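S.K.: Let me give you the structure first, and then I'll get to my questions.
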Amino acid sequence: MRINCPYCGARGLEEFTYRGDATVKRPESIEESARDAWVDYVYLRDNPAGLHKELWHHGAGCHSWLEVTRNTVTHEITAVELAAKGR
Amino acid sequence: MRYSLASLITNALSGNRNWKPVWREPEPKPSYDVIIVGGGGHGLSTAHYLAKEHGITNVAVIEKSYIGSGNVGRNTTIVRSNYLLPGNEPFYEWSMKLWEGLEQDINYNAMVSQRGVLNVFHSDGQRDAFVRRGNAMRFYGADAELLDKEQVRALVPFVDFDNARFPVRGGLFQPRGGTVRHDAVAWGYGRSADSRGVDIIQNCAVTGFRIENGRIVGVETEKGFIGAKKVALAVAGSSSRVAQMAGLRLPIEAHVLQAFVTEGIKPLLDTVITFGAGHFYCSQSDKGGLVFGGDIDGYNTYAQRGNLPVVEDVAEGGMALIPAIGRLRILRSWGGLLDMSMDGSPIIDKTPVDGLYFNGGWCYGGFKATPASGWCYAHLIATGEPHPYAAAYRFDRFGSGRVIDEKGMGAQPNLH
Amino acid sequence: MPILSIRKEGGSVSNLESTSALHGFATPGRYGKRDGEAGVTASERKNLGLATVVARKGQEAALKTAIQGAYGADLPDGSRSAVGKGVRFIGIGPGQWFAVSESLANEALADELATKLQGIASVADHSSGRAVMRIEGPAARDVLAKGLMIDLDPRVFVDGAAATSTLSHMGVLLWRDGNAYDVALFRSVGGSFWGWLRDSGAAFGLEFVTTS
Amino acid sequence: MAGNQINRLSGKGLVDHGKTVSFQFDGEAFSGHPGDTLASALLANGVRLVGRSFKYHRPRGILTAGSEEPNALVELRTGARREPNTRATTIELYDGLDATSQNRWPSLKLDVLSVNQLATPIFGAGFYYKTFMWPAAFWEKLYEPMIRRAAGLGYPSKLSDPDHYEKSNAFCDVLVIGSGAAGLSAALAAAKAGARVILCEEDFELGGRLLAESDEIDGKPAQEWARAAAAELESLPDCRIMRRTTVFGAYDGGVYGAVERVSDHLPVPPEHAPRQRLWRIVAKQSVVCAGGIERPILFGNNDRPGVMLAGAVRTYVNRFGVAPGRTAVVFADNHDALRTATDLAAAGVAVRAIVDPRPQASAAAEQVAGEAGALYIRGGIENVRGALGIKSVRVKDAQGGTKEFDCDLLATSGGWNPALNLTTHLGGKPAWDSALSCLVPGEDLPPGMQVAGAAAGQFSLQACLASGEAAGAEAAKHCGFSPSALRRPAPAQDRAPATPVWYVENSRGKAFVDFQNDVAVSDVKLAAREGFRVPDHVKRYTTLGMATDQGKTSNLNGAAILAEATGRYLGAVGSTTFRPPYTPVALGALAGHHRGKDFRPTRLAPSHRWAEEQGAVFVEVGAWMRALMYPKPGEAAQETVNREVSNTRTNVGVCDVSTLGKIDVQGPDAGELLNRVYINAFAKLPVGKARYGLMLREDGFAMDDGTTARLAEDHFYMTTTTANALKVSQHLEFCQQVLWPELDVQTVSATEQWAQYAVAGPKARKVIEALLDAGQDISNDAFPYMACGKFTVCGGTPARIFRLSFSGELAYEIGVPARYGDALIRAIIKAGAEHGIAPYGTEALGVMRIEKGHAAGPELNGQTTAHDLGLGKMASTKKDFIGRFMGEREALNEAGRAAMVGLKPLNPKTRIASGSHLVKRDAQATGANDEGYVTSMAYSPELETFIALAMLSNGPARMGEVVKVCDPLRGNETLAEVCSAHFVDPEGGRLRV
Ligand SMILES: Cc1cc2nc3c(=O)[nH]c(=O)nc-3n(C[C@H](O)[C@H](O)[C@H](O)COP(=O)(O)OP(=O)(O)OC[C@H]3O[C@@H](n4cnc5c(N)ncnc54)[C@H](O)[C@@H]3O)c2cc1C
Ligand SMILES: NC(=O)c1ccc[n+]([C@@H]2O[C@H](COP(=O)([O-])OP(=O)(O)OC[C@H]3O[C@@H](n4cnc5c(N)ncnc54)[C@H](O)[C@@H]3O)[C@@H](O)[C@H]2O)c1
Ligand SMILES: Cc1cc2nc3c(=O)[nH]c(=O)nc-3n(C[C@H](O)[C@H](O)[C@H](O)COP(=O)(O)O)c2cc1C
Ligand SMILES: [Zn+2]
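Residue numbers (our numbering), protein chains in the order written: chain A, 4 to 90; chain B, 687 to 1102; chain C, 14 to 225; chain D, 8 to 1000.
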């Protein structure tokens, strides 16, 4: 698999590390009422078969965190963006 | 038909023409007491124990492909009970005990081979971690031995002791660990369950669940609706996909693990060996191939195949450990879908849907769990109460913090 | 080793002897195939000034102006280099550059950059953290291909092109300078890098020469 | 010796008849020619018996002429270079080649285990699942060792592989796989259009089937055309031809794995050359021109040496100039195989009969038979006689009459299957072509892949040339090139319908489907009878297709028998999955350079060379080598450690701490970032000060710890543990880029830049002062505990000095640019000589941190919380930080959790082994009683007792209690007293002097 890093160009898997689902959002609140949101954020995943937005770190390249849209059934990558938009 | 020496000879004399199908190919009944979704090792063993231990035989196992097509038929066959944490060790040790009596129980030779499992270590720090684990095993009645370098050498003389980047300094050895013939486990449990009246329905994917007032009433399948009082999932790598049909979101990601086999060779490796510093573990199948694997590929996937970097990584680990294998050739590589849970430990629990049960999160280690998983899952389904050995495998542990994180990696499934 | 008298060495004053990352591993000479011209020549570029320059938030334009003003180089928006007065700036990430200089040796480069870019960029010195190896000769590409998964075709990897990548499990920054390739590697893996280079260059004949 | 090549056709083929090459097989000397394979040379010498099969040890010969060979496997080379299971059909002959037959004892001709054949009725498919169960204990002791010894084929060498391997990377526009008519055409079309082309061919000659047939192309003999095409390709600047290179796998993203057998055709690799090289090829487009694989028709005793695929017979005759026999019978259901009769006859081999099993007589076949002087018989082979090599075949004609033909060669063909393996490696499914009666590449090819020639089911030469050219041009077009008009029109109708015959009904003896694994037609039928009704079940139950050839010649026949046995249409039965590698690949090649010491790079600390000179003992810590201790001659390990500790505590010691992760954190929001990643506050840390911090993972468990110093308002310098350096960098980048991109903060690793030494002990200040350049003050007042600052040392060397202490003594960490690291350690030792300085290693460091109760790796094991480490109070309650919310879950803070305490054995001389578990004083060592475990252990020279750190349930509340320390793994039990983890100088007075 090769990921087309917006900064470095297409690079092999071995240059990246994976973090998983990019759609989960860290809750803003640390009040007890946010408990479910926290459990969701830290532990629960959609884990879809099909398009998946996910985070990869280009640790051996430009050190960018990338938001990659990839099909988990075919491994086809349809979009790669810097996670820090506007960086 | 019971297998025995006599039946083998009688059949041989009649040109092997009278062997009967190992299982029936029934059409689904309109409804069952229990439907098990997934004809892998866990689904089939659950059916066997439901029938045998709990007398519940109005059961169907529904498999989307052929039984054994999932991970039970594609794993590296290692069984062991060398776990660390109290939530795990008693369960896996119970599984070892069930393996030890399996063949007599199901009248099928699954080639349970207690050839020993050796985990080598390279530093004092790793040794201490293994000692902690070995002692945990002994606390729960399992066997474990700490080997020094010379004892390791006696077991595996061809390991690189002299020129290694990470020299082997010793190992933790579980003599009762070993390998079991993967396919035979599925077939043996399937045959036994079938003979007790369980319907095994192959090539029939479950496509949805019918839930009324919060209670399960049956499953939609490729062969139509089938009613059920209870439905039990055991779909391993497909857990999220299937659970999602019932509206559940799981603490699980699907990942792929590759495995490899070399061309058949005369005996080289008499035990199972795991290399701590590289990602490599290996045993030799009774047919002669070295069967081995390494790390998971590390990204979510349902593709059941892996990529080249891990192939190379595994080969590098193999060569670093055993430089004599350089001229042996990989014959085939394949992948299996893992249900990687957030803490690396499984779940056997009820779900928020009444009558719907869940078994999954086995990561790359559920083959060894096959008997105990079936045993405990059957207990849960039959009695409504968790089996004591599996009491920690609850969904709510993630909310409460009572996670069972053997590797201490946190909520990062690809690192377990 | 005796403490030597004070001497000026590339920008800083020290009576400590500096040690190359390849010291004790690579000695000048011919390795591998002995006959014919060496297919690949390697040398260490010592005492280079090396620094990372990372734009502060919202300051990228200001940084570009400042660099243009001070060094006459246009900071590139990608993985390639711009050569200005005495300093090469290589894009290593969004808003990040790796500066290389011969004239501003060792710490001098980072010191100067930090002063000039106060408030618009974060500057860190790497002059000791990396060793820069120059690889050249007719077989240079074939040798590098044994470690790098980067297309080095001269039409693709043009003069000035750069890549941050891995080479035989080691992180490297590579850039092309004319017909030579410069490889910046982490100091601690000097020995491993040399072992890889020696083995990979052997078939072509490897000449290791020292510069500076 | 050349005279012994009794079956050599003089002057024929592509071998170099002018030169001879000598070799050995089973100790006997033979000769062949350059250009031969071991198989062709053996056949030239009249050797037909080459190996024994897996299960029944049946005598086996040579079935094919390529990498699909199931039978002719040998052990090649000897000693450490022994390669079991090597296919004689792909071994390029070299002078001195030494090969041995395998899976036989005592000899190939006389093999004891061939008695297995007698028990074949019992040894049917899956028999072992039904037996060997009684008594249970006998499996490991008796049955399994017996089965294991009998199984396997060749013997592996147990010696380290002496050759070396390497990897390389290549990039291209178009990768062409295979160099037959299709491949050469594809490569030419693409390269001439301007594309960068790589052409990989597993053989050592380009040309594929063209080398094996007596075809003509453009009026020239096909072999000549191939040579010219190859020469043209060689002349194009952007075309790289890789011979002896098998593309073994297609992977995601246009990555192809290939293995080049650089030196396998030589006795040993030449100096500086690897044995094999792994290529990772990144291709924008690929054209698979892998050709086809012929399949046999099955009949009783079809495995006798001398039974050969018809196409292979032609290969031996036309390419190698070898007659694989003197008297032949051809048994085929297709037109293509008739050429075998023609070519054999032309080579002077007597062709006795052409046997055609199809229901309709073929006029063409009848005519070829007439020309070749053979009988044309409609019927099938009923039996083959001659255990060690065919002597005769019995043919049963359509009317039921039988006829025996004396012959030593039986050429068989049931048609061809496209070699489509690579087209399915990314999950694509082959499609059933009912006209051709074979599987062809499906619609779902890997992105960027095309297929041409026989691999695409284009079986005629014209179609191969045309489809290759078209695919090559198309691929070039996809890469942005404009190919010129195609030269070759596709033939109008190229799909000769096939009437395949899979096996002969009611023939005598076992009819083998999978030769190597001894799977017979009857086994497939038995499996079907027992309910194994899909190809994958049949494969797993019978092992059909699981041998080293992966069923290249057997899978489809197996499926056909299954279809028949279960009454289904073959096209609906499906197939098993092809998986990489296409042909088996040596593990050495996949590992390349990365073995032995080169398995992974080694990171060396700045003081490494100096430490070596001191006789240091090193230990691997992740990628680093660190000095474990500095033993003096004659000193025992414990003595060394005691000395290093005592010297540090009484005088002064020095330790290289450069391996700790160091991260430069700059920017106006640097303090804010630290506030969010550490549990304690950092934003208000004054410039010139350092602070200890603990980081959690988001799930609330401890991740890493270390000290961070503030060098300027907008500049911090963070240290991490050696093990977690990368993880923490990545974590910070995650926080900056993903969680809080609005923060103005920049981080960069500085680990490599700084050589850093801890100088610790009551006399540490004196040593540092001796190094400091004049006019700088590090007195306790000017530079108190936890101070930090920039200084110059040794005449102007820039240095950062931190007053930090892991040892608990007065201590400084001094950092200089790493190129001065070697000189600085020497300078420190020199400056400290008068104060009794001695270096200490990580072992002594460990003792001192245990004496101080500092958590380290064993305690920060990913399972512990701030509460467990006794650091819960450090957590700020004013701010959110990573891990705060989840870290407050009750289960992470409850009293019963195992938390860190100290332990002292009641007998100070008794070790408390790390990894021991703890129970109450009188309790048994059982799971139910388990209360925790020992994380770290040391001998404290100062306290003259062993001490330990442990995680103990509710530990901090149990001071003074005696617990039992259990190490059943080594049979030890000890009593120990629970105490504070701060063993030495608990008030920390020594730090502040
Ligand atoms: C390469 C590899 C190596 C491994 N090595 C080991 C090892 O050495 N030791 C060890 O202990 N463990 C190992 N494991 C893990 C182990 O194989 C699995 O954890 C275990 O087999 C999972 O349980 P199972 O057998 O029930 O799963 P499976 O066999 O995967 O069963 C799940 C079944 O559910 C079916 N299914 C899915 N969706 C549906 C649906 N919608 N309707 C109907 N049926 C459905 C699937 O087709 C499948 O047959 C390994 C795994 C892999 C992939
Ligand atoms: N008439 C028939 O029934 C019939 C059937 C099949 C083939 N043929 C003849 O065979 C020829 C087919 O031509 P073609 O070009 O398609 O195939 P080919 O068989 O001539 O060439 C294929 C080449 O690919 C190589 N190869 C295969 N897999 C490879 C891999 N993974 N890596 C590297 N190399 C690999 C093989 O060594 C071979 O040289 C034609 O001459 C055709 O007439 C005829
Ligand atoms: C323990 C074990 C041993 C295996 N040995 C072989 C073997 O000798 N030959 C072979 O072709 N495949 C072997 N396989 C792999 C299977 O052929 C197959 O690839 C695997 O079960 C996954 O199925 P799939 O490739 O059809 O998806 C083995 C698999 C396992 C789990
Ligand atoms: Zn990048």
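Heads up, the beta-carbon is just placed ideally off N, CA and C, and yes, glycines get one too.
Treat the numbers as computed from the prediction; the structure is a model and nothing was measured.
Tell me, please, whether the CB atom of Leu160 of chain D is closer than 8 Å to any CB atom in chain B?
M.R.: Along the fourth sequence, read from residue 1 onward, the residue named residue 160 of chain D stands at position 153. Chain B, which has a Cβ nearer than 8 Å to the Cβ of Leu160 of chain D, makes this yes.
S.K.: Who are the neighbours of Ile105 of chain C on chain A, taking C-beta pairs under 7 Å?
M.R.: For this step, residue 105 of chain C is matched to residue 92 along the third sequence. What Ile105 of chain C touches in chain A: Cys65.
S.K.: With a 10 Å radius around its C-beta and 16 neighbouring C-beta atoms as the bar for buried, classify Asp972 of chain B as buried or exposed.
M.R.: Numbered from 1 along the second sequence, position 286 holds the residue referred to as residue 972 of chain B. Asp972 of chain B should be labelled buried.
S.K.: Find the nearest neighbour of Ala459 of chain D within the set D:Ala697, D:Ser653, D:Ser444 and D:Ala497, judged by alpha-carbon distance.
M.R.: The residue labelled residue 459 of chain D in the question sits at position 452 within the fourth sequence. Cα-wise, what sits closest to Ala459 of chain D is D:Ala497.
S.K.: If you count every other CB in all the chains shown that lies within 10 Å of the CB of Thr1069 of chain B, and 16 or more means buried, which is it?
M.R.: As a position in the second sequence, residue 1069 of chain B is number 383, starting the count at 1. When all chains shown are included, Thr1069 of chain B counts as exposed.
S.K.: Please name the residue, chosen from D:Lys880, D:Tyr940 and D:Leu811, that lies closest to Pro865 of chain D on a Cα-to-Cα basis.
M.R.: Within the fourth sequence, residue 865 of chain D is the residue found at index 858, counting from 1. Comparing Cα positions, the closest option is D:Tyr940.
S.K.: I'd like to know whether the C-beta of Thr65 of chain C is nearer than 8 Å to at least one C-beta of chain A.
M.R.: For the purposes of this step, residue 65 of chain C is taken as residue 52 along the third sequence, with counting starting at 1. No, Thr65 of chain C does not count as interfacial toward chain A.
S.K.: Which residues, in chain order, does the stretch 80-93 of chain C contribute to contact with chain A at a C-beta distance below 8 Å?
M.R.: Per Cβ criterion, the list reads Gly91 and Ser92.
S.K.: Skipping 5 residues on each side, what residues in its chain have a beta carbon closer than 8 Å to that of Thr81 of chain A?
M.R.: Within the first sequence, numbered from 1, the residue matching residue 81 of chain A stands at position 78. Cβ within range, chain order: Leu54, Thr72, Arg73 and Asn74.
S.K.: Name, going along the chain, the residues of the stretch 34-67 of chain D whose beta-carbon falls closer than 9 Å to a beta-carbon of chain B.
M.R.: So the close ones are Phe61.
S.K.: So, are the CB atoms of Glu651 of chain D and Gly815 of chain D less than 8 Å apart?
M.R.: Walking along the fourth sequence from the start, residue 651 of chain D turns up at place 644. Walking along the fourth sequence from the start, residue 815 of chain D turns up at place 808. Result no, Cβ atoms of Glu651 of chain D and Gly815 of chain D do not sit closer than 8 Å.
S.K.: If you reduce the DSSP assignment to three classes, tell me which class Ala518 of chain D lands in.
M.R.: Taking the fourth sequence and counting its residues from 1, the one referred to as residue 518 of chain D is at position 511. Coil.
S.K.: Hey, which residues come within less than 6 Å of ligand 4, measuring from Cβ to any heavy atom, in chain order?
M.R.: Qualifying residues, in the order they occur: A:Cys8, A:Tyr10, A:Cys11, A:His61, A:Gly64, A:Cys65 and A:Ser67.
S.K.: Output yes if chain D places a C-beta closer than 8 Å to the C-beta of Trp41 of chain A; else output no.
M.R.: As a working mapping, residue 41 of chain A is identified with position 38 in the first sequence. Yes, Trp41 of chain A lies at the interface with chain D (some Cβ there is under 8 Å from its Cβ).
S.K.: Can you pull out the residues from the stretch 133-145 of chain C whose beta carbon lies closer than 9 Å to at least one beta carbon of chain A?
M.R.: Under the 9 Å Cβ criterion, the stretch 133-145 of chain C contributes no residue.
S.K.: When the distance is taken between beta carbons, is Gly86 of chain D closer than 8 Å to Asn78 of chain D?
M.R.: Residue 78 of chain D sits at position 71 when you count from the first residue of the fourth sequence. Residue 86 of chain D sits at position 79 when you count from the first residue of the fourth sequence. In this structure, Gly86 of chain D does not lie closer than 8 Å to Asn78 of chain D by Cβ.
S.K.: Use the C-beta contact count for Gly23 of chain C: other C-beta atoms within 10 angstroms, 16 or more gives buried, fewer gives exposed.
M.R.: The residue you call residue 23 of chain C lines up with position 10 of the third sequence. Since pLDDT at Gly23 of chain C reaches only 45, below the 50 mark, its modelled position is unreliable, and the value read off the structure follows with that caveat. Result: buried.
S.K.: For Gln790 of chain B, count the other beta carbons within 10 Å of its own beta carbon; 16 or more makes it buried, fewer makes it exposed. Which is it?
M.R.: Taking the first residue of the second sequence as 1, we reach residue 790 of chain B at position 104. Per the 10 Å Cβ criterion, exposed.
S.K.: For Thr893 of chain B, count the other beta carbons within 10 Å of its own beta carbon; 16 or more makes it buried, fewer makes it exposed. Which is it?
M.R.: Here the question's residue 893 of chain B lines up with position 207 in the second sequence. Burial call: exposed.
S.K.: Could you tell me the alpha carbon to alpha carbon distance between Gly377 of chain D and Tyr383 of chain D, rounded to whole angstroms?
M.R.: As a first step, residue 377 of chain D is located in the fourth sequence; it is residue number 370 there, counting from the start. As a first step, residue 383 of chain D is located in the fourth sequence; it is residue number 376 there, counting from the start. One C-alpha to the other measures close to 8 Å.
S.K.: In three-state DSSP terms, what is Asn513 of chain D?
M.R.: Counted from its first residue, the fourth sequence places residue 513 of chain D at position 506. Coil at Asn513 of chain D, not helix or strand.
S.K.: Nearest-angstrom Cα distance between Arg999 of chain D and Lys70 of chain C?
M.R.: Position 992 of the fourth sequence, counting from 1, holds the residue named residue 999 of chain D. Position 57 of the third sequence, counting from 1, holds the residue named residue 70 of chain C. Roughly 40 Å separates the two Cα atoms.
S.K.: Can you find a CB in chain A that lies within less than 8 Å of the CB of Ala176 of chain C?
M.R.: As a working note, residue 176 of chain C is residue 163 in the third sequence. Yes, contact with chain A.
S.K.: With 16 as the cutoff for other CB atoms within 10 Å, does Ser114 of chain D come out buried or exposed?
M.R.: Walking along the fourth sequence from the start, residue 114 of chain D turns up at place 107. Exposed.
S.K.: Using a C-beta to C-beta distance shorter than 9 Å, which residues of chain D count as neighbours of Trp59 of chain A?
M.R.: Here residue 59 of chain A is taken as the residue at index 56 of the first sequence, counted from 1. In chain order: nothing, as chain D lies at least about 11 Å away.
S.K.: First and last residue of the beta strand (DSSP E) that includes Lys797 of chain D?
M.R.: On the fourth sequence, residue 797 of chain D is found 790 positions in, with the first residue counted as 1. Cys795 to Val800 is the span of the beta strand (DSSP E), which, as asked, contains Lys797 of chain D.
S.K.: Using the three-state DSSP reduction, which class does Ala371 of chain D fall into: helix, strand or coil?
M.R.: Translated into positions along the fourth sequence, residue 371 of chain D becomes position 364. Three-state DSSP puts Ala371 of chain D in a helix.
S.K.: For Gly1051 of chain B, tell me which candidate among B:Val1089, B:His1073 and B:Ile982 has the shortest Cα-Cα distance.
M.R.: Residue numbering aside, residue 1051 of chain B sits at position 365 when the second sequence is read from its first letter. Ranking B:Val1089, B:His1073 and B:Ile982 by Cα distance to Gly1051 of chain B puts B:Ile982 first.
S.K.: What does a CB cutoff of less than 6 Å around Ala618 of chain D pick up in its chain, not counting 5 residues either side in sequence?
M.R.: In the fourth sequence, counting from the first residue as 1, residue 618 of chain D sits at position 611. For Ala618 of chain D, where only same-chain residues beyond five positions count, the Cβ hits under 6 Å are Ala634.
S.K.: CA-CA distance, Val119 of chain D and Ala344 of chain D?
M.R.: Locating residue 119 of chain D in the fourth sequence gives position 112, counting from the first residue. Locating residue 344 of chain D in the fourth sequence gives position 337, counting from the first residue. Roughly 37 Å separates the two Cα atoms.
S.K.: How far does the beta strand (DSSP E) with Lys403 of chain D in it extend, from its first residue to its last?
M.R.: Counting from one through the fourth sequence, the residue named residue 403 of chain D turns up at place 396. First-last of the beta strand (DSSP E) with Lys403 of chain D: Ser399 to Asp404.
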